[in-house]
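Below: the structure, in structure tokens.
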Amino acid sequence: MVVAVSTASALTDPSRQLRLLIDSVRDHALYLLDPDGIVCSWNPGAERIKGYRAEEVIGTHFGRFYLAAECDAGEPERLLRLAERDGRHAGEGWRLRRDGAPFRASVVIEPVIEQGRLLGFVKITRDITESWQAQRLLRDAQRALRQTQQF
1 MVVAVSTASA
11 LTDPSRQLRL
21 LIDSVRDHAL
31 YLLDPDGIVC
41 SWNPGAERIK
51 GYRAEEVIGT
61 HFGRFYLAAE
71 CDAGEPERLL
81 RLAERDGRHA
91 GEGWRLRRDG
101 APFRASVVIE
111 PVIEQGRLLG
121 FVKITRDITE
131 SWQAQRLLRD
141 AQRALRQTQQ
151 F
């Protein structure tokens with residue numbers, strides 16, 4: 001027996017709603033980390049931005065996306081502790097794709113807390129390389145213009 005599920009009823013199931021929402025976001029990497037920074041989930045946006053398939057990254061530490069110097073300095077763990085302490089951390093920085101290419105990222109880390117207990121973190125990453133480069137070029141052009149106007 002085949003049962004047809006209407007679109008409306010498919011969108012009323014909270015679990016399905018959440019999965020559809022997460023899987024539909026392509027311009028943002030959305031993933032869950034456990035309290036130690038181990039990747040527990042991975043959306044299609046994360047795959048597109050970072051270049052890793054879910055099976056390659058789930059179960060590994062999220063520090064793999066940071067520059068080596070930042071990892072050596074303990075930056076990934078520091079950001080988790082900041083998010084835990086402050087309830088949220090937002091910032092920008094350089095991150096690495098699977099092929100080793102760096103990209104400029106806007107990052108938000110929020111703790112997942114249930115009944116006062118830290119379950120892990122939600123991490124949202126957006127590739128802002130193009131806008132960052134455009135802003136840099138604009139600043140350089142403005143600086144050059146000011147210098148020519150001083151003469």
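If you're matching positions, the sequence shown starts at 1 in full-length UniProt numbering and goes up one per residue.
Don't be surprised by glycine CBs; every beta carbon is placed ideally from N, CA and C.
Please read all numbers here as calculations on a predicted model, not as lab measurements.
Under the three-pair Cβ rule at 8 Å, the segment 54 to 68 counts as touching the segment 30 to 45.
The alpha-carbon of F65 is positioned some 15 Å away from that of V122.
Judged by DSSP secondary structure, P102 falls within the beta strand (DSSP E) whose first and last residues are P102 to E114.
Comparing alpha-carbon positions, the option among L30, R143 and E84 lying closest to R126 turns out to be L30. Along the segment 57 to 104, the alpha helix (DSSP H) occurs as fully enclosed runs of 4 or more residues at 68 to 72 and 75 to 86, listed in sequence order. Excluding residues up to 5 positions away in sequence, nothing lies with its Cβ nearer than 8 Å to the Cβ of Q135 in the same chain. Here the C-alpha atom of D99 lies approximately 45 Å from the C-alpha atom of Q150. A distance below 7 Å between beta-carbons, with the five flanking residues on each side excluded, links E75 to the following residues of its chain, in chain order: Y66. Residue pairing for R26: DSSP places it in no beta bridge.
Residue burial annotation: R48 is exposed, with fewer than 16 other C-beta atoms found within 10 angstroms of its C-beta. With a beta-carbon spacing of about 5 Å, G120 and L33 fall inside the 8 Å limit used to define contacts. When C-alpha distances from G87 are compared across R143, A68, V108 and E70, the shortest belongs to V108.
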